[in-house]
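Under mature numbering (1 follows the signal peptide of the UniProt record, and there is no 0), the residues of the sequence shown are numbered -27 to -1, 1 to 387, in order.
Each residue gets a CB set at the ideal place from its N, CA and C atoms; glycine is no exception.
One structure below.
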Amino acid sequence: MIKTKTPKLKLIAALILLGISAIPALAQSSLKNINQNLRYSRYSRLSPKIIPIKTGERTFKLQMPIEKIEENPVFDDYIFSYAVVSSFSEEINEKNIIPLTSDRLVKDTDRHFYFEEEVSIPSGQEEAYVILVAKDSRQGDQYSYHTDLISPFVTDIPEFGAYYDNGIPFDQTYINKGEALIFDSEKSMSLFHYFYPQRFDVPLPPMETRAAPVPKDIKIEDKGDFLINVPQPFPDQGYYFIQSDTSSQAGILLKTTPQAFPRVNDYDEMVDKLVYISTRNEHEKLRTATDKKKALDAYWLNLTKDPEKAQGIIKEYFQQIEFANILFSDFKEGWMSDRGMVYIVMGPPSQVFFDLDKEIWIYDDLGSKSKNNFTFARIKNIFTPNYYKLNRSRAYQPEWFQSITLWRSGKMAF
């Protein structure tokens, strides 16, 4: 199993103060122009999420777990708020910002602050999106997360949820195989789950414009139904899709991974993940080596000519792998996704902007006026509303090879 009262006058004063404080964080902003780079930072203090559950034709329960990355964070150090908008360009202002004060806090656990709100989308409104913001009042850092409620990229929202054993909504996209979750629904006593044992190839480099091969056959195993409110284990490695109604497209994707995930499990996995910074010959030599540890030691030493520098690169590179797995796993492990690949090689982006159909990463080139932009197209997918593919271009080649050279020389650091 995965573990994880205010007097009236004071409450009114707190609401007024928080409302005033929260507005500057979002006022004059829209989903389209909010920089969400802290979503991918290696030094974030919090990680907010929104997990919606459909409760009616146009009503939703917004489950908002905020993971505590910082050790023992103080609630009052942050200003929490959310807003529901009809488009990525709609202005976010005092008319639609809802402060999330301590009296709205549903749970405060060792790992999460947890809010829960009910929202209703007006009849006739064709699209709806919600953004959750946590502003650090000490430094001014703004942590943002948004999701679709009604949009062209979401066919339907599930009417059930997955939870840790303490009742906090499951806020990851992966689970180590053999572990269990609890599912709950107000409309179903049991759920159906399907298993996909499919394995994937690593993505093509950003400058490779030819089409990637498409798997011809996707194997599906019907695992039957299971009861809600009973711990449900997931024993096989691959990915599961859980549904309450098999005639609907709504469901929850759950990637199942090795026990060590998001970290690297063994030397074979280390070899696999060096594909991004190795030549074809180097990688093939590592793959076919009988003694993987010995081959890896020789590989790193050959690159750096310095054991101490080699240790630094190894730590840095596989930390990037770990973050990519945490941030970008869907039905693929995060390091194998397009965003994961770019994140590993180029590092965390300086700026991150979203539009309805794309995500844009901007890398500021220190010491010059140039910027490197990576655009990921959003692809409609039954399993996840957050599936993105890189718009590949030969123009990426100089910056890509430059970053690989920095990795191989031991000079890449974030």
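- Ranked by how close their Cα comes to the Cα of T219, the residues D198, A233, K246 and G307 have D198 in first place.
- For S20, the closest of Y87, R77, G29 and A56 by C-alpha to C-alpha distance is Y87.
- Taking V58 as the centre and dropping the five residues before and after it, the same chain places the C-beta of Y102 closer than 6 Å to its C-beta, in chain order.
- In this structure, the beta-carbon distance from H166 to Y137 does not fall below 8 Å.
- For L274, the enclosing alpha helix (DSSP H) begins and ends at K265 to T277.
- A straight-line Cα-Cα distance of about 30 Å links P206 and E44.
- S124 and L329 do touch by the CB rule: their CB atoms are close to 7 Å apart, below 8 Å.
- For L259, the enclosing alpha helix (DSSP H) starts and ends at R253 to T261.
- For the stretch 139 to 181, the continuous beta strand (DSSP E) assignments of 3+ residues that do not extend past its boundaries occur at 147 to 149, 153 to 158 and 163 to 169, in sequence order.
- Annotated as proximal: K282 and G383, with beta-carbon spacing under 8 Å.
- With contacts defined as CB atoms closer than 8 Å, I71 and S54 qualify as a contacting pair.
- S376 carries a helical assignment under DSSP once its states are collapsed to helix, strand and coil.
- The stretch 294 to 312 makes contact with the stretch 355 to 369; the number of CB pairs closer than 8 Å reaches 3 or more.
- Where K5 is concerned, there is no enclosing beta strand (DSSP E), because DSSP gives it neither an H nor an E.
- The beta carbon of F387 lies closer than 7 Å to those of R15, G320 and P321 in the same chain, with the five residues before and after it left out.
- Each of I352, Y272, E242 and K267 was checked against the Cα of T252, and the nearest Cα belongs to Y272.
- Rounded to whole angstroms, the gap between the alpha carbons of T277 and R381 is 7 Å.
- M314 is a Cβ neighbour of Y249, given a cutoff of 8 Å.
- DSSP places P72 inside the beta strand (DSSP E), whose first and last residues are I70 to L73.
- Under DSSP, R351 shares a beta bridge with Y361.
- With contacts defined by Cβ atoms closer than 8 Å, D337 and K331 do not form a contacting pair.
- Annotation for M37: the continuous beta strand (DSSP E) segment containing it runs T32 to K41.
- Distance between I39 and R260, taken at the CA atoms: about 40 Å.
- From the listed residues F347, A223 and Q36, the smallest Cα separation to E91 is found for Q36.
- A135 sits buried, since 16 or more C-beta atoms from the chains shown fall within 10 Å of its C-beta.
- A straight line joining the alpha-carbon of L78 with that of E89 spans about 8 Å.
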